[in-house]
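Read the structure below first, then the notes.
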Amino acid sequence: MLEVINLEKSFGGIRAVDGCTFAVENNTITGLIGPNGAGKTTVFNLISGFYSPDGGKIVLNGSRIDQLPAHRVPHLRLSRTFQITRELGKMTVIDNLMVAPLDQMGETLFNSWFRLRSVKRQERKIREKALYVLDFLEIPNLKDEYASNLSGGQKKLLEFGRTMMTDPEIILLDEPGAGVNPTLMKKLNGYIERLRGEEGVTFFLIEHDMDLVMKLCDPIIVMNDGKVLAEGTAVEIQKNRKVLDAYLGG
Amino acid sequence: MSGSVGFLIFFLTYAIVYGILAIGLNIQWGFTGLVNFGVAGFFAVGAYVAAFITGAPSQYHLGGFGLPFPVGLLVATVVSGIFALILGFPVIRLREDYLAIVTIGFAEIVRLVIVTERHITKGPYGMGVIKPYNDMVPASFYGLFYLGIAIAVLLVLYLAMERAVRSPWGRALRTIREDERVAVAFGKNVNSFKLQVLVLGSMIFGLAGAVFGHFFNFITPDHFLPMETFLVWVMVMAGGSGNNLGVLFGALAIRGVWEGMMFLSDVLPTGIQIGAVRLAVIGLLLVLVVMVKPEGVLGEKKTASDILGE
Ligand SMILES: Nc1ncnc2c1ncn2[C@@H]1O[C@H](COP(=O)(O)OP(=O)(O)O)[C@@H](O)[C@H]1O
Ligand SMILES: [Mg+2]
Numbered sequence: 012m013l014e015v016i017n018l019e020k021s022f023g024g025i026r027a028v029d030g031c032t033f034a035v036e037n038n039t040i041t042g043l044i045g046p047n048g049a050g051k052t053t054v055f056n057l058i059s060g061f062y063s064p065d066g067g068k069i070v071l072n073g074s075r076i077d078q079l080p081a082h083r084v085p086h087l088r089l090s091r092t093f094q095i096t097r098e099l100g101k102m103t104v105i106d107n108l109m110v111a112p113l114d115q116m117g118e119t120l121f122n123s124w125f126r127l128r129s130v131k132r133q134e135r136k137i138r139e140k141a142l143y144v145l146d147f148l149e150i151p152n153l154k155d156e157y158a159s160n161l162s163g164g165q166k167k168l169l170e171f172g173r174t175m176m177t178d179p180e181i182i183l184l185d186e187p188g189a190g191v192n193p194t195l196m197k198k199l200n201g202y203i204e205r206l207r208g209e210e211g212v213t214f215f216l217i218e219h220d221m222d223l224v225m226k227l228c229d230p231i232i233v234m235n236d237g238k239v240l241a242e243g244t245a246v247e248i249q250k251n252r253k254v255l256d257a258y259l260g261g
Numbered sequence: 039m040s041g042s043v044g045f046l047i048f049f050l051t052y053a054i055v056y057g058i059l060a061i062g063l064n065i066q067w068g069f070t071g072l073v074n075f076g077v078a079g080f081f082a083v084g085a086y087v088a089a090f091i092t093g094a095p096s097q098y099h100l101g102g103f104g105l106p107f108p109v110g111l112l113v114a115t116v117v118s119g120i121f122a123l124i125l126g127f128p129v130i131r132l133r134e135d136y137l138a139i140v141t142i143g144f145a146e147i148v149r150l151v152i153v154t155e156r157h158i159t160k161g162p163y164g165m166g167v168i169k170p171y172n173d174m175v176p177a178s179f180y181g182l183f184y185l186g187i188a189i190a191v192l193l194v195l196y197l198a199m200e201r202a203v204r205s206p207w208g209r210a211l212r213t214i215r216e217d218e219r220v221a222v223a224f225g226k227n228v229n230s231f232k233l234q235v236l237v238l239g240s241m242i243f244g245l246a247g248a249v250f251g252h253f254f255n256f257i258t259p260d261h262f263l264p265m266e267t268f269l270v271w272v273m274v275m276a277g278g279s280g281n282n283l284g285v286l287f288g289a290l291a292i293r294g295v296w297e298g299m300m301f302l303s304d305v306l307p308t309g310i311q312i313g314a315v316r317l318a319v320i321g322l323l324l325v326l327v328v329m330v331k332p333e334g335v336l337g338e339k340k341t342a343s344d345i346l347g348e
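Residue numbers (my numbering), protein chains in the order written: chain S, 12 to 261; chain X, 39 to 348.
Right, dumping it as structure tokens:
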């Protein structure tokens with residue numbers, strides 16, 4: 012479904028992504044792990060169009076997406092979260108969710124002036140969905156809170172919730188678990204597995220919590236120094252000599 | 039009509055002109071975070087274009103075309119928008135400070151063109167502007183009549199802009215202001231939204247110019263100094279960025295202080311320049327508001343989109 016071929020990206024002298032090649036197969040929960048600074052987040056930024064690559068190709072469902080403007084990528088039903096949460100601070104939690112859906116007809120001036128009834132009809136559906144997401148994330152009481160007042164973990168949930176609003180085929184999660192309490196994290200995992208099972212959503216996620224990755228992800232891709240170090244099932248990765256060296260050697 | 043009522047009418051009409059300007063800047067800065075330091079330039083374009091359109095034919099300036107007042111309003115609005123489009127198209131995708139620089143430059147160029155191109159604008163001598171529907175209204179009621187026109191324009195504008203900013207369109211603007219990358223990650227064409235807002239806001243400045251010219255009936259380049267831009271910014275920031283009612287209040291209050299200070303010239307010792315004093319007072323007011331209530335007197339409404347009324 013998603014293929015990355017010889018991907019390269021440098022910042023000044025740093026080769027953050029240095030010839031990465033891998034594929035994320037349809038309907039998997041693929042993990043991306045590696046030491047800090049390995050280039051994982053940069054890979055996400057390249058795939059989602061936030062950076063343009065210095066070299067290589069990114070192919071989604073058979074077509075190249077690496078030359079697209081970033082705002083077009085979500086329309087190909089690829090959604091992402093940010094490692095460092097990006098909440099809309101001076102907007103309420105529910106507004107943070109309601110802005111997420113793509114192709115809202117009320118997002119043109121013409122429609123908001125002259126087609127208010129249809130806009131309202133769509134808006135009602137979006138609102139219902141947002142309320143469902145809030146219930147699901149167990150934060151319905153935060154609905155009208157300014158997002159800037161949320162705790163770190165709650166902001167992470169909001170990031171996750173926003174992707175739920177867009178009906179994507181593939182979701183890129185950058186450390187979704189950081190700061191989220193373990194019980195809720197279990198529920199999130201359950202949800203990830205359910206979405207994959209029932210709706211065929213593909214997940215590509217970066218995570219530091221090894222237990223979680225080993226349980227949830229198959230396959231797992233390991234990055235180090237901008238390169239793919241290993242690829243395989245949890246068991247294979249755990250036995251891989253190079254992976255152990257990379258983690259222990261820092 | 040008695041002197042003080044006449045003054046009140048004059049004051050209110052003038053305040054409405056600034057109210058229109060403030061609503062234009064509010065959509066750009068208050069909702070979207072665009073920095074436009076060239077408000078006076080678009081204001082001037084609107085005033086002069088409208089004057090050309092509605093004025094009687096003259097060999098001393100462009101036009102006049104003798105067309106009806108509403109046509110003047112419309113063309114002034116559209117031409118200001120076209121200027122914004124030409125200006126914004128190359129700049130909007132760059133970092134935000136470029137827009138600030140380009141709009142400052144634009145406003146100064148507009149003013150200098152008005153000063154120097156005398157065969158078009160009559161230059162520094164200024165241009166007369168007609169009193170619309172003058173022949174249909176008794177002279178003693180004309181001020182009140184024109185105030186009515188100004189109120190009608192403001193009301194339509196206010197309702198249209200409220201509808202726009204309280205819709206999903208407005209919610210997308212707030213998203214862009216809070217974090218452009220989030221807007222992009224959720225498929226919003228940020229450059230397109232910003233360009234729309236730059237053009238729309240600048241059209242509103244043009245409209246304000248047209249209303250101003252036909253109210254004052256005489257326009258010179260000195261009506262469009264950078265100071266005007268500064269005043270509108272103060273109105274928006276002090277009144278409440280992101281709240282259309284707030285910025286209207288700001289316009290009324292700042293105009294009030296501005297005019298009120300004129301009466302001080304009698305009490306101030308001779309030699310003190312009232313112009314400088316009132317500028318200092320306005321600046322001080324802004325500092326005070328920002329310190330006590332950073333979001334302005336009336337802050338932004340909490341909910342972005344409330345078309346469902348919940
Ligand atoms: N925008 C940027 N500008 C400069 N350097 C960057 C930028 N983004 C990432 N880097 C550098 O690229 C390398 C990889 O970073 P990153 O992709 O964030 O790693 P990871 O997510 O695996 O921890 C690091 O050395 C980081 O400092
Ligand atoms: Mg990272």
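A virtual CB, placed ideally from N, CA and C, is assigned to each residue, including glycine.
Exercise. How big is the Cα-Cα spacing for glycine 313 of chain X and leucine 302 of chain X?
Worked result: 11 Å
Exercise. On the three-state DSSP scale, how would you describe valine 330 of chain X?
Worked result: In the three-state scheme derived from DSSP, where H, G and I count as helix and E and B as strand, valine 330 of chain X is classed as helix.
Exercise. Cβ of phenylalanine 33 of chain S versus every heavy atom of ligand 1: is any distance shorter than 7 Å?
Worked result: Outside the cutoff, so no.
Problem set entry | Cross-strand partners of lysine 20 of chain S (DSSP beta bridge) | S:Val28
Exercise. Mind checking methionine 300 of chain X: buried by the 16 CB within 10 Å criterion, or exposed?
Worked result: exposed
Exercise. Should methionine 273 of chain X be labelled buried (16 or more other beta-carbon atoms within 10 Å of its own) or exposed?
Worked result: buried
Problem set entry | Interfacial residues, the stretch 215-240 of chain X to chain S, with Cβ spacing under 7 Å | For the stretch 215-240 of chain X, the residues whose beta carbon sits under 7 Å from a beta carbon of chain S are, in order, Glu216, Asp217, Arg219, Val220, Val222, Ala223, Phe224, Gly225, Lys226, Asn227, Val228, Gln234.
Exercise. What residue from S:Ser74, S:Thr119, S:Lys253, S:Pro85 has the CA that sits closest to valine 220 of chain X's CA?
Worked result: S:Pro85
Problem set entry | Supposed contact pair leucine 43 of chain S and isoleucine 217 of chain S - C-beta distance, whole angstroms, cut 8 Å | 5 Å
For this session: Using only the heavy atoms of ligand 2, determine whether one of them is closer than 7 Å to the beta carbon of lysine 51 of chain S.
Result: yes
For this session: Would you kindly report the start and end of the unbroken alpha helix (DSSP H) that includes valine 87 of chain X?
Result: 77-92
Exercise. What residue from X:Leu324, X:Phe80, X:Phe107, X:Glu218 has the CA that sits closest to alanine 266 of chain X's CA?
Worked result: Just to set this straight, residue 266 of chain X is glutamate in the shown sequence, not alanine. Measuring from the Cα of glutamate 266 of chain X, the nearest candidate turns out to be X:Phe80.
Exercise. What residue from X:Phe179, X:Ala210, X:Ala246, X:Ser230 has the CA that sits closest to leucine 113 of chain X's CA?
Worked result: The sequence as given places valine at residue 113 of chain X; leucine does not occur at that position. Per the Cα distances, X:Ala246.
Exercise. To the nearest whole angstrom, what separates the beta carbons of valine 87 of chain X and valine 55 of chain X, a pair I think is in contact under 8 Å?
Worked result: Not really, about 16 Å apart at Cβ, beyond 8 Å.
Exercise. Could you give the distance in angstroms between the alpha-carbon of glutamine 165 of chain S and the alpha-carbon of proline 80 of chain S?
Worked result: 30 Å
Exercise. For tyrosine 98 of chain S, does the count of other Cβ atoms within 10 angstroms reach 16, so buried, or fall short, so exposed?
Worked result: For the sequence presented, residue 98 of chain S should be read as glutamate rather than tyrosine. Result: buried.
For this session: Could you tell me if the beta carbon of phenylalanine 61 of chain S falls within a distance shorter than 7 Å of some heavy atom in ligand 1?
Result: no
Exercise. Taking any Cβ of chain X, which residues in the stretch 91-113 of chain S have a Cβ under 9 Å from it, in chain order?
Worked result: Arg91, Thr92, Phe93, Arg97, Glu98, Leu99, Gly100, Lys101, Met102, Thr103, Ile105, Asp106, Asn107, Met109, Val110, Ala111, Pro112, Leu113
Exercise. If you measure from the CB of isoleucine 232 of chain S, is any heavy atom of ligand 1 nearer than 7 Å?
Worked result: no
For this session: Could you check the C-alpha separation between methionine 102 of chain S and threonine 213 of chain X for me, to the nearest Å?
Result: 8 Å
Exercise. Can we count glutamine 94 of chain S as close to ligand 2, meaning its CB is less than 7 Å from some heavy atom?
Worked result: yes
Exercise. Taking only beta-carbon atoms, is aspartate 178 of chain S less than 8 Å away from chain X?
Worked result: False, the Cβ-Cβ gap to chain X never drops below 8 Å.
Exercise. What residues from the stretch 327-342 of chain X come within 8 Å of chain S, judged by C-beta to C-beta, listed N to C?
Worked result: Glu338, Lys340, Thr341, Ala342
For this session: Could you work out which residues of chain X lie near proline 85 of chain S, taking near to mean beta carbons separated by less than 7 Å?
Result: Ala223, Phe224, Gly225
For this session: Kindly indicate if chain X contains any beta-carbon less than 8 Å away from that of leucine 127 of chain S.
Result: The C-beta of leucine 127 of chain S comes closer than 8 Å to at least one C-beta of chain X.
Problem set entry | Cross-chain neighbours of arginine 316 of chain X in chain S, by beta carbon under 7 Å | Within chain S, no residue comes near arginine 316 of chain X; the closest Cβ sits about 33 Å away, beyond 7 Å.
For this session: Say whether chain S places a C-beta atom closer than 8 Å to the C-beta of isoleucine 61 of chain X.
Result: no
Problem set entry | Per-residue contacts from aspartate 155 of chain S into chain X (C-beta, under 8 Å) | Lys340, Thr341
Exercise. What do you get for histidine 157 of chain X, buried or exposed, if any count of 16 or more other CB atoms within 10 angstroms of its CB means buried?
Worked result: exposed
Problem set entry | Range covered by the beta strand (DSSP E) that runs through lysine 238 of chain S | According to the DSSP assignment, lysine 238 of chain S belongs to the beta strand (DSSP E) that extends over 238-243.
For this session: For threonine 213 of chain X, return the contacting residues in chain S, with the cut-off set at a CB-CB distance below 7 Å.
Result: Leu99, Val110, listed in chain order.
Exercise. Going by Cα to Cα distance, which pick from S:Lys253, S:Phe22, S:Ala241, S:Leu148 is closest to alanine 34 of chain S?
Worked result: S:Ala241
Problem set entry | Runs of beta strand (DSSP E) wholly within the stretch 205-263 of chain X (minimum 3 residues, chain order) | none
Exercise. Using a beta-carbon distance cut-off of less than 9 Å, what residues from the stretch 51-64 of chain S approach chain X?
Worked result: Identification of residues in the stretch 51-64 of chain S having a C-beta nearer than 9 Å to some C-beta of chain X yields Ser59, Gly60, Phe61, given in sequence order.
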